Amino acid sequence: MLTITSDIDVLARFGRALADPIRCRVLLALREAPAHPADLADALNVSRTRLSNHLACLRDCGLVVTVPDGRRIRYELADERLGHALDQLLAAVVAVESDKTCPDAAEKGCC
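In this text, residue positions in the sequence shown follow the numbering used here: the first is 113, and each later residue adds one.
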């Protein structure tokens, strides 16, 4: 059942998805084209089990959906606007010095 979530919940889910490099790679791959899990695992050079866990997270976050494709399941972005959002995030350049971390990294666990 679909529910309406607050803006904060939506951003938190998106942030949780982007917090892991493998999930970022999956989203970027799916931005290009829908894919089957086995093909994604091969393309991203990760085990199928590990990929399955990340796909489950992305499904739970509402960012990807499964589509029956014959006897297989195909994954795609839940909404084409997510691809545009990823493009916009990639276009937004954040300047970070390679030898610096956030001042609050130790206490907040970021960076």
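Ideal Cβ positions, reconstructed from N, Cα and C, are used throughout, including at glycine.
As the structure is a prediction and not an experimental result, all values here were calculated from the model.
The straight-line gap separating the alpha-carbon atoms of A150 and R125 is approximately 25 Å. Taken through DSSP and simplified to helix, strand or coil, L175 comes out as coil. Nearest neighbour of A190 by Cα position, chosen from A204, P180, L152 and R171, turns out to be R171. Around the beta-carbon of R184, fewer than 16 other beta-carbon atoms lie within 10 Å, marking it exposed. Excluding residues up to 5 positions away in sequence, A153 lie with their Cβ nearer than 6 Å to the Cβ of R160 in the same chain. Note: A147 is bridge-paired with Y187 in the DSSP secondary-structure output.
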